[in-house]
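Colleague:
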Amino acid sequence: MSLVKYEILNAVVEYGSLTKAAEAQNITQSAVSHAIASLETECGFSLLNRGRSGVRLTAEGERILGFTREILRWTERMNQEISLIRGAEIGTVRIGTFASVSTQWLPGILKQFRLHHPGIEIKLWEGDYAEIEGWLAGGAIDLGFLSLGDASPFETIPLQKDRMMCILPLEHPLATENSVSFDVLLEQPFILPKWGGDNEIERLIRQHAAKLNVVYEVAEDQAIMAMVRNGLGISLLPEMVLQNHINNLALVPLTGDPYRTIGIACPSLTNLSPASRRFIEAVQKWLLLSL
Numbered sequence: 173m174s175l176v177k178y179e180i181l182n183a184v185v186e187y188g189s190l191t192k193a194a195e196a197q198n199i200t201q202s203a204v205s206h207a208i209a210s211l212e213t214e215c216g217f218s219l220l221n222r223g224r225s226g227v228r229l230t231a232e233g234e235r236i237l238g239f240t241r242e243i244l245r246w247t248e249r250m251n252q253e254i255s256l257i258r259g260a261e262i263g264t265v266r267i268g269t270f271a272s273v274s275t276q277w278l279p280g281i282l283k284q285f286r287l288h289h290p291g292i293e294i295k296l297w298e299g300d301y302a303e304i305e306g307w308l309a310g311g312a313i314d315l316g317f318l319s320l321g322d323a324s325p326f327e328t329i330p331l332q333k334d335r336m337m338c339i340l341p342l343e344h345p346l347a348t349e350n351s352v353s354f355d356v357l358l359e360q361p362f363i364l365p366k367w368g369g370d371n372e373i374e375r376l377i378r379q380h381a382a383k384l385n386v387v388y389e390v391a392e393d394q395a396i397m398a399m400v401r402n403g404l405g406i407s408l409l410p411e412m413v414l415q416n417h418i419n420n421l422a423l424v425p426l427t428g429d430p431y432r433t434i435g436i437a438c439p440s441l442t443n444l445s446p447a448s449r450r451f452i453e454a455v456q457k458w459l460l461l462s463l
């Protein structure tokens with residue numbers, strides 16, 4: 173078995189296609205097929221199911237994939253350590269991120285990071301909280317930006333508190349209030365952000381043992397704001413999401429100033445690669461200087 177075959181298997185799983193995996197690896201599709209077939213022969217069972225909708229792991233492949241990712245991760249970490257010993261910085265960091273971090277933080281962070289660490293490649297995986305947690309658990313990414321809850325299966329570094337705001341149409345009776353209590357929201361038609369995972373809205377609902385009058389469940393923040401502007405209901409969104417998008421909206425803090433804590437999560441802080449450590453340091457420095 174070889175590392176190249178493990179890399180090809182992971183690429184096929186990531187892209188769900190032999191053709192797209194070949195393009196990403198800069199090799200031919202026949203080379204991808206040959207590598208997978210060779211790996212399946214060495215294992216003694218099929219790793220992939222091939223169909224019209226693409227390729228998917230078999231049950232046996234699911235059991236093997238995590239080991240290949242661990243081998244590749246530790247090989248990458250060893251290569252990075254060797255480079256550091258030689259006085260160079262190289263490596264790859266795979267990062268899970270959600271929309272507001274991608275929009276508000278990452279452009280500035282990545283600009284500075286590329287300037288100071290040109291030998292380190294950053295690969296971004298954007299999804300919701302649940303997807304990022306799944307990628308971390310499965311070893312697909314090295315680090316993930318998350319809204320940190322009370323309990324997490326990962327090791328985490330808190331970065332910033334992000335206040336939750338009630339958003340209302342400008343003409344709403346509550347729009348001129350200095351703050352609104354969560355109980356008041358129960359009386360209003362509510363547009364529920366559908367973010368996946370254990371998110372801050374669900375935690376607030378549990379904390380208040382409340383049942384909101386949900387009229388719509390919407391995943392996209394921009395859609396939520398548009399619906400509120402048009403008087404279809406009110407909602408809650410983090411302040412960071414609302415930056416540069418407050419036209420024709422009233423923003424009112426919740427009583428008690430509840431917030432989400434944005435942080436970076438990883439399976440183990442102790443076992444981070446040098447490149448991952450450099451990225452975390454860059455994030456912390458950028459936040460200190462920019463916010």
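Residue 390 in the working numbering sits at position 218 of the sequence shown, and the numbers go up by one each step.
Every residue gets a Cβ at the ideal spot worked out from N, C-alpha and C, and that includes glycine.
(1) Ile363 to Gln276, Cα distance in whole Å?
(2) Using a Cβ-Cβ cut-off of 6 angstroms (strictly less than) and excluding sequence neighbours within five positions of Gly291, which residues of its own chain qualify?
(3) Can we say the segment 301-321 touches the segment 432-443, given the rule of at least three CB pairs closer than 8 angstroms?
(4) Just tell me which of Arg375, Ala312 and Glu195 has its CA closest to the CA of Arg245.
(5) Let's test the definition: count the other Cβ atoms within 10 Å of the Cβ of Lys177 and tell me whether it reaches 16, buried, or not, exposed.
(6) Indicate the three-state DSSP secondary structure (helix, strand or coil) for Trp246 in the structure shown.
(7) Given 8 angstroms as the limit, is there contact between the segment 342-356 and the segment 289-304, that is, 3 or more CB pairs closer than that?
(8) Tell me the DSSP bridge mates of Lys366?
(9) Check whether the segment 253-260 and the segment 214-231 are in contact - that is, three or more C-beta pairs closer than 8 angstroms.
(10) Is the separation between the beta-carbon of Asp429 and that of Arg335 shorter than 8 angstroms?
(11) Enumerate, from N- to C-terminal direction, the unbroken alpha helix (DSSP H) stretches of 4 or more residues contained entirely within the segment 251-325.
(12) Using DSSP with H/G/I as helix, E/B as strand and the rest coil, what is Ser462?
(13) Should the segment 373-385 be called in touch with the segment 448-459, which here means at least 3 C-beta pairs below 8 angstroms?
(14) So the alpha helix (DSSP H) Ala207 belongs to, where does it begin and stop?
(15) Would you identify the three-state DSSP class for Ala422, choosing helix, strand or coil?
Modeller: For this structure:
(1) Position 191 of the sequence shown, counting from 1, holds the residue named residue 363. Position 104 of the sequence shown, counting from 1, holds the residue named residue 276. Between Ile363 and Gln276, the C-alpha separation is close to 23 angstroms.
(2) Looking up residue 291 in the sequence shown gives position 119. Within the same chain, and ignoring the five residues on either side of Gly291 in sequence, the residues whose Cβ sits closer than 6 angstroms to its Cβ are Glu261 and Ile262.
(3) Yes, they touch.
(4) Along the sequence shown, read from residue 1 onward, the residue named residue 245 stands at position 73. Shortest Cα-Cα distance from Arg245 to any of Arg375, Ala312 and Glu195 involves Ala312.
(5) Locating residue 177 in the sequence shown gives position 5, counting from the first residue. When all chains shown are included, Lys177 counts as buried.
(6) On the sequence shown, position 74 is the one that residue 246 refers to. Correct three-state label for Trp246: helix.
(7) No: fewer than three Cβ pairs fall under 8 angstroms.
(8) Start at 1 with the first residue of the sequence shown, and residue 366 comes out as number 194. Lys366 has no beta-bridge partner at all, per DSSP.
(9) Output reads no: the segment 214-231 does not touch the segment 253-260.
(10) Position 257 of the sequence shown, counting from 1, holds the residue named residue 429. Position 163 of the sequence shown, counting from 1, holds the residue named residue 335. In contact: Asp429 and Arg335 (Cβ atoms closer than 8 angstroms).
(11) The segment 251-325 contains these whole alpha helix (DSSP H) runs: 271-276, 278-288 and 301-310.
(12) By 1-based counting over the sequence shown, the position of residue 462 is 290. DSSP places Ser462 in helix when its eight states are reduced to three.
(13) No contact exists between the segment 373-385 and the segment 448-459.
(14) To locate residue 207, count along the sequence shown from 1; it is residue 35. Its alpha helix (DSSP H) spans residues Gln201 to Cys215.
(15) Within the sequence shown, numbered from 1, the residue matching residue 422 stands at position 250. Per DSSP, reduced to three states, the secondary structure at Ala422 is strand.
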